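With the numbering used here applied, the sequence shown covers 33 to 415. For every residue, glycine included, the Cβ atom is placed at its ideal position computed from N, Cα and C. Here the structure is a predicted model, which means the values were calculated and not measured. Working notes, structure below.
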Amino acid sequence: MASQRKRNPNGAGTITKRKDGRYQAAVYVLQPDGTRARKFAYGKTWAECDAKRRDLLDKVASGTPVPTRSAKLSEWLSYWLDDVVKPRRKLSTYDKYEAHVRLYLTPMLGTKRLESLSAPDVRHFLLRLEKRTTAATAKESHRVLRTALSGACREELITRNVAKLVEPPRAAARELSPWSLDETLDFLAAARRDPLYAAFVLAIAMGLRRGEIVGLRWQDIDLENRVLLVRQQVQRRRGVLYNDETKGRRARAVPLPAMCIAPLRWHRMRQRTVYEGAGIDWTGKGYVFTTRTGRPIEPRNLHRSFVRVSEAAGLRLVRLHDARHGCATLLTAAGVAPRVVMEILGHSQISLTMDVYTHVVQDTQREAISHMDRLLKRRPRLE
33 MASQRKRNPN GAGTITKRKD GRYQAAVYVL QPDGTRARKF AYGKTWAECD AKRRDLLDKV
93 ASGTPVPTRS AKLSEWLSYW LDDVVKPRRK LSTYDKYEAH VRLYLTPMLG TKRLESLSAP
153 DVRHFLLRLE KRTTAATAKE SHRVLRTALS GACREELITR NVAKLVEPPR AAARELSPWS
213 LDETLDFLAA ARRDPLYAAF VLAIAMGLRR GEIVGLRWQD IDLENRVLLV RQQVQRRRGV
273 LYNDETKGRR ARAVPLPAMC IAPLRWHRMR QRTVYEGAGI DWTGKGYVFT TRTGRPIEPR
333 NLHRSFVRVS EAAGLRLVRL HDARHGCATL LTAAGVAPRV VMEILGHSQI SLTMDVYTHV
393 VQDTQREAIS HMDRLLKRRP RLE
């Protein structure tokens, strides 16, 4: 009696030989939308094709979705923004990613399918974008694309991140030119009678970010023990002023320099006078720098006041954020260790502190290089 051909059990898939000599495996798999569809895999030999069949069956057993048709990059980017970035990242991060997706990635790469997107596609995209905009913009779009494709890898939609295979454009570093010590002292002298004088002192002496200054509450400041706790910032996005986490998503306690104590005490006394005059119109929640009704001031208005005082003092115009650079420069010139500077400024990585804030003043450089004269001085000849 002839033996019957052995068949795979139901759901185990099939393997057939194609006319071109290759082998083809077919397995019913779970789709991302919850339906089931047939997925094909190919191999030069039966054993290679069988290995792919078993891999598909393992995913079926674990409930892992396996799309039978690769999604377009635009479809994945839309899903990634709404379901991955928006629930987990800060609003400012989402807005930045969304802008790059909407303006550059979707129009220029969106029709490509995830599985067919190649390193040359990404390289060509970056070259076109750099010519159209700037190297810095192209570099940021590369970072957004790389992050999005990493998410696709984690959800097993693709097996590799081709954006990691392409070197990003090299953007020219922004030339930093913070005020010298004399310019800083001139500004502080000119700003002494300004209502936001205490805010300017905190920016210069402690290197606080603009949003961190606006987000300060009196409960975060201990004037007796001279400690300031940075645990939130105030930002304006989409026409709304809101509280946000600090840039590094962690609070930091920083000792208050003695020069900050008197301005903060004076500012608190002045605020109490304004509060008593406002009466029932006061809507404050303990913010240090407020409007006449107690709401936190606009971050942009803090910068405008900084510019106004600078112009009145006849100083060259710099950004309020450059006061942060100046703080790091002065700390470095005073010989403070980079790790300590990093903690004061709230950097997440020591490399950022070293790369960006190493603009030591010229006098300190001259003092450092003078040691070479002493070390390399020729030894006297023996008679």
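* Rounded to whole angstroms, how far is the Cβ of residue 144 from the Cβ of residue 105, which I believe are closer than 8 angstroms? -> 5 angstroms
* Asked: Does DSSP put residue 63 in a helix, a strand or coil?
  -> Reduced to three states, the DSSP call for residue 63 is coil.
* How many Å lie between residue 291 and residue 348 at the Cα? -> 24 angstroms
* Based on the DSSP output, what are the partners of residue 47 in its beta bridges? -> 57
* Between the C-alpha atoms of residue 273 and residue 215, what's the straight-line distance to the nearest angstrom? -> In this model, residue 273 and residue 215 are separated by some 33 angstroms (Cα to Cα).
* Going by Cα to Cα distance, which pick from 335, 156, 245 and 166 is closest to residue 195? -> Residue 195 has its Cα closest to that of 156, out of 335, 156, 245 and 166.
* May I have the straight-line CA-CA distance separating residue 48 from residue 57, to the nearest angstrom? => Taking the straight line joining both Cα atoms gives about 7 angstroms.
* To do: Between the Cα of residue 73 and those of 46, 97, 63 and 96, spot the shortest distance and give me the residue it belongs to.
  => 46
* Asked: When the Cα atoms are used, what is the spatial distance from residue 253 to residue 260?
  -> When the Cα atoms are used, residue 253 and residue 260 turn out to be separated by approximately 5 angstroms.
* **Exposed unless 16 or more other CB atoms sit within 10 angstroms - verdict on residue 369** => By the neighbour-count rule (16 or more Cβ atoms within 10 Å), residue 369 is not buried but exposed.
* To do: Assign residue 78 to buried or exposed, taking buried as 16 or more other Cβ atoms, counted over all protein chains shown, within 10 Å of its Cβ.
  => Exposed: under 16 other Cβ atoms inside 10 Å.
* Identify the residues that DSSP records as bridge partners of residue 272: which are they? -> 269
* **Cβ-Cβ separation, residue 295 to residue 229 (assumed contact under 8 angstroms), whole Å** => 6 angstroms
* Quick one: any contact between the region 338-358 and the region 235-252, if contact means 3 or more CB pairs under 8 angstroms? -> yes
* Asked: Taking buried to mean at least 16 other C-beta atoms within 10 Å of its own C-beta, is residue 112 buried or exposed?
  -> buried
* For residue 50, which residues from the same chain have a beta carbon less than 7 angstroms from its beta carbon, with the 5 sequence-adjacent residues on both sides left out? -> So the list reads 56, once near-sequence residues are dropped.
* Proximal residues to residue 124 (C-beta, below 8 angstroms), its chain only, five neighbours per side dropped -> 267, 269 and 276
* Asked: Using a Cβ-Cβ cut-off of 7 angstroms (strictly less than) and excluding sequence neighbours within five positions of residue 287, which residues of its own chain qualify?
  -> 258 and 259
* **Continuous alpha helix (DSSP H) stretch holding residue 309: start and end** => First-last of the alpha helix (DSSP H) with residue 309: 290-310.
* Would you give the residue range spanned by the beta strand (DSSP E) that residue 72 belongs to? => 68-75
* Asked: Buried or exposed: where does residue 193 fall if 16 or more other Cβ atoms within 10 Å of its Cβ makes it buried?
  -> Buried, because 16 or more other Cβ atoms sit within 10 Å of the Cβ of residue 193.
* Asked: Hey, residue 83 and residue 75: beta-carbon distance below 9 angstroms or not?
  -> yes
* Inter-residue spacing [alpha-carbon to alpha-carbon] between residue 137 and residue 177 -> 8 angstroms
* **Pairwise C-alpha distance: residue 340 and residue 372** => One Cα belongs to residue 372, the other to residue 340, and the distance between them is close to 32 angstroms.
* Inter-residue Cα distance where the pair is residue 142 and residue 121 -> Each residue's Cα considered, the two are about 23 angstroms apart.
* **Check whether residue 320 and residue 302 have beta carbons under 9 angstroms apart** => A distance of 9 angstroms or more separates the beta carbons of residue 320 and residue 302.
* **Residues of its chain near residue 19, where Cβ-Cβ distance is below 6 angstroms and the 5 sequence neighbours each way are ignored** => Nothing in the structure corresponds to residue 19, since the chain is present only between 33 and 415.
* Can you find a heavy atom of the ligand SAM that lies under 8 angstroms from the Cβ of residue 48? -> With respect to the ligand SAM, the structure shown offers nothing to examine, as it has no ligands at all.
* Count the CB pairs spanning the region 325-334 and the region 203-218 that are closer than 8 angstroms, and state whether there are at least three. => no
* Does DSSP put residue 179 in a helix, in a strand, or in coil? -> helix
* **Distance, residue 168 Cα to residue 117 Cα** => 22 angstroms
* Asked: Between the C-alpha atoms of residue 159 and residue 174, what's the straight-line distance to the nearest angstrom?
  -> 11 angstroms
* Local conformation of residue 360 per DSSP, three classes -> Annotated three-state conformation of residue 360 is helix, per DSSP.
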